[in-house]
Amino acid sequence: MGKSGDGGIDGIIKEDRLGLDVIYIQAKRWDNVVGRPEVQKFAGALQGQRARKGIFITTSSFTKEAATFATAIDNKIILIDGEELVGLMIDHNIEVTPVAVYEIKRVDTDYFTGE
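Quick note: the sequence shown, position 75, residue 1210 per the working numbering, numbers continuous.
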């Protein structure tokens, strides 16, 4: 996975134990924005696999044209940019370490309104 000649597919997620439905993944660690041509190549790779679902992940961001293309095609391609990727990492505790936990309290006003 993720090597030269991989056909534009870096990983595969099996949605069920039998692998009847799969999601293909493309990941790019880029500084520059990812444009429509890269997303289009991934869509072509999905077609080559007869796949219907894909996730394109980048550490940078996508151009508006790339996002528009991804929503306009029949295949379902989800685009995850660097900002969303970080949010997902935090939400799922992947490669993050909690530094502090804060507890916020409020006064229970029912306590003071005795009968």
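By construction, the Cβ of each residue, glycine as well, lies at the ideal position given by its N, Cα and C atoms.
With a cutoff of 8 Å on beta-carbon distance, Ile1212 and Ala1178 are scored as near each other.
Taking the CA atoms as reference points, Asn1167 sits about 8 Å from Ser1196. Distances from the alpha-carbon of Tyr1159 to those of Thr1248, Thr1203, Leu1214, Ala1186 put Ala1186 closest.
Counting along the chain, the unbroken beta strand (DSSP E) around Phe1191 starts and ends at 1188 to 1193. Between the alpha carbons of Lys1188 and Leu1220 lies a gap of roughly 18 Å.
CA-to-CA, the gap between Lys1240 and Val1231 works out to about 26 Å. Contact between Ile1148 and Val1157 holds: their C-beta atoms lie close to 7 Å from each other, under 8 Å.
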